[in-house]
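One structure below.
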Amino acid sequence: MYNAFFGFDAEPFRVNPDPRFLYFSESHREALATLVYALHQRKGFIVLTGEVGTGKTTLLNALLQKLDPGVQGAYLFNTKLSLEDFFSYLFDELEIEPVEPFRKSAVLHRLNHYLIERLRKGQQTLLVIDEAQNLSDELLEEIRMLSNLETPQSKLLQIMLVGQPELDEKLAQPNLRQLRQRIELRHTISPLSLRETMEYVRERLLIAGHDNGEIFTTSALRTVYRYAAGIPRVVNVLCDNALLSAYVRKSLRVSARMIDETAKDLDLLREEVLPEQPAATPSARDGWIRRLWSGRRAQDELGA
0 MYNAFFGFDA EPFRVNPDPR FLYFSESHRE ALATLVYALH QRKGFIVLTG EVGTGKTTLL
60 NALLQKLDPG VQGAYLFNTK LSLEDFFSYL FDELEIEPVE PFRKSAVLHR LNHYLIERLR
120 KGQQTLLVID EAQNLSDELL EEIRMLSNLE TPQSKLLQIM LVGQPELDEK LAQPNLRQLR
180 QRIELRHTIS PLSLRETMEY VRERLLIAGH DNGEIFTTSA LRTVYRYAAG IPRVVNVLCD
240 NALLSAYVRK SLRVSARMID ETAKDLDLLR EEVLPEQPAA TPSARDGWIR RLWSGRRAQD
300 ELGA
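All residue numbers for the sequence shown refer to numbering that gives the first Met the number 0, where the first residue is 0 and numbers rise by one.
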């Protein structure tokens, strides 16, 4: 509705996980570097967590779209599945002929043969499970068993579990300790800082086609951060509605007062945002990843 008024080629704050609008905060850059490192090193289990709306799915879509031709990815996003449904979906994603009628032993045999053939050709196979916090304990155990598909030198299937913080709580259960011990890499995506929130809004406006990205006043951007607490999805919803409000008023600028009014309409409460803390001292692995994939290099990996 407001695209022509502001000079946009596309809606800047759609909540769809569009990789074009992927903003690389420090945490997102580190997450991407960790995932790329895991793929290159053929790590077995990888876990990526983050609060609702922090951009996990957008990051995954960007990664999957730019996988090397030698890497086949299966992306599972519906985690309320039975064991038979799970294997049916996995086989469909990997384009493997299904076993009918379903017999678990025959399914595992066919999957193992398929993965060995790919490994023999120097190819990798990746299973990404989004919303993994909703997996049943029984299905998580079956997924753990898939990590037993291996040769003495390499894992046949790399498995990436992605979910909300509840996933960490689930994996901490004593009955899942065998799975927990197999996790080789973890990363948690953090909310955006104030500076990153301001950059995030301006960058999306530029990508959408605005001349200079200066629609929201500085005080408006600070107010956005106060309400959204650095959660990109909340930033998107708030900014989208604020742009609509500005359009109705025929204003080319969005003020802090407009953000307050929009937040009230959306029933958003101001978050008690604590002062930003110094970054934690990185581990040796984190330092290696930063040196290897820091800055634009991680974005180049995605063809950005």
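C-beta: ideal position from N, C-alpha, C; glycine also.
Identify every residue that forms a DSSP beta bridge with residue i.
i: Leu205; result: Per DSSP, none; premise fails for Leu205.
i: Lys154; result: Glu149
i: Leu184; result: Ile45
i: Leu160; result: Val46 and Ile128
i: Phe215; result: Val253
Between the options, which lies nearest to residue i when the distance is taken from Cα to Cα?
i: Leu139; options: Ser244, Arg179, Asp210 and Glu116; result: Arg179
i: Pro11; options: Arg201, Thr216, Lys249 and Leu220; result: Arg201
i: Glu29; options: Arg41, Thr48 and Arg19; result: Thr48
i: Glu141; options: Val106, Thr217 and Ala241; result: Val106
i: Gln177; options: Leu184, Cys238, Arg143 and Leu93; result: Arg143
i: Lys120; options: Glu92, Phe90 and Leu155; result: Leu155
i: Leu66; options: Asp259, Tyr36, Asn174 and Ile95; result: Tyr36
i: Val233; options: Lys249, Met257 and Leu267; result: Leu267
i: Phe5; options: Ala61, Lys55, Asp210 and Arg181; result: Asp210
i: Thr78; options: Ile45, Gln132, Arg102 and Ile95; result: Gln132
i: Arg13; options: Ser250, Leu237, Ala255 and Asp259; result: Leu237
i: Ser153; options: Leu114, Pro190, Ser24 and Lys103; result: Leu114
i: Phe215; options: Asp259, Glu165 and Asp91; result: Asp259
i: Arg225; options: Met0, Pro190 and Thr56; result: Pro190
i: Asp264; options: Asn240, Ile206, Val247 and Asp167; result: Asn240
i: Glu50; options: Ser250, Gln163, Glu99 and Thr57; result: Gln163
i: Glu137; options: Gln172, Glu149, Leu21 and Leu110; result: Gln172
i: Phe44; options: Val247, Val70 and Arg181; result: Arg181
i: Met0; options: Val253, Ala255 and Ser244; result: Ser244
i: Leu134; options: Glu94, Gln122, Leu175 and Leu118; result: Leu175
i: Ile188; options: Phe23, Glu92 and Asp8; result: Phe23
i: Gly229; options: Ser192, Glu99, Val46 and Leu93; result: Ser192
i: Leu21; options: Leu204, Glu149, Val247 and Leu93; result: Leu204
i: Glu149; options: Glu165, Leu166, Leu118 and Asp167; result: Leu118
i: Leu145; options: Arg248, Glu213 and Leu89; result: Leu89
i: Phe7; options: Gly212, Ala227, Glu92 and Glu99; result: Gly212
i: Leu184; options: Ala9, Asp17, Leu31 and Val46; result: Val46
i: Thr56; options: Glu94, Glu130, Ile95 and Gln122; result: Glu130
In or out: residue i buried (at least 16 other Cβ within 10 Å) or exposed?
i: Asn15; result: exposed
i: Gly52; result: buried
i: Pro68; result: exposed
i: Ser26; result: buried
i: Val223; result: buried
i: Leu59; result: buried
i: Met257; result: buried
i: His108; result: exposed
i: His112; result: exposed
i: Phe101; result: exposed
i: Ser218; result: exposed
i: Ser104; result: exposed
i: Thr33; result: buried
i: Thr261; result: buried
i: Ala3; result: exposed
i: Ala61; result: buried
i: Gln276; result: At Gln276, the pLDDT of 42 sits below 50, so the modelled position is not reliable; the number obtained from the coordinates is stated separately. Label assigned to Gln276: exposed.
i: Lys169; result: buried
i: Asn235; result: buried
i: Arg19; result: exposed
i: Leu242; result: buried
i: Gly54; result: buried
i: Ala207; result: buried
Checking contacts by CB at 8 Å: is residue i closer than that to chain B?
i: Val223; result: No chain B appears in this structure, which consists of one protein chain only.
Legend entry - Segment contact, 8 Å Cβ cut-off, at least three pairs: the region 109–129 with the region 57–76: Proximity of the region 109–129 to the region 57–76 meets the contact definition, three or more beta-carbon pairs being nearer than 8 Å.
Inset, instruction - Evaluate contact between the region 196–206 and the region 151–165, counting only Cβ atoms and requiring at least three cross-stretch pairs below 8 Å. - result: The count of Cβ pairs closer than 8 Å, one atom from the region 196–206 and one from the region 151–165, stays below three, leaving the stretches out of contact.
Inset, instruction - Pick out the complete beta strand (DSSP E) segments inside the region 68–150, 3 residues or longer, and give them in chain order. - result: Correct list: 70–75 and 123–128.
Inset, instruction - Taking 8 Å as the threshold, find out whether the region 26–45 comes into contact with the region 78–85 through three or more Cβ pairs. - result: Segments in contact, no.
Legend entry - Those runs of the alpha helix (DSSP H) which lie wholly inside the region 6–56 and span at least 4 residues: Whole alpha helix (DSSP H) segments, 4+ residues: 25–39.
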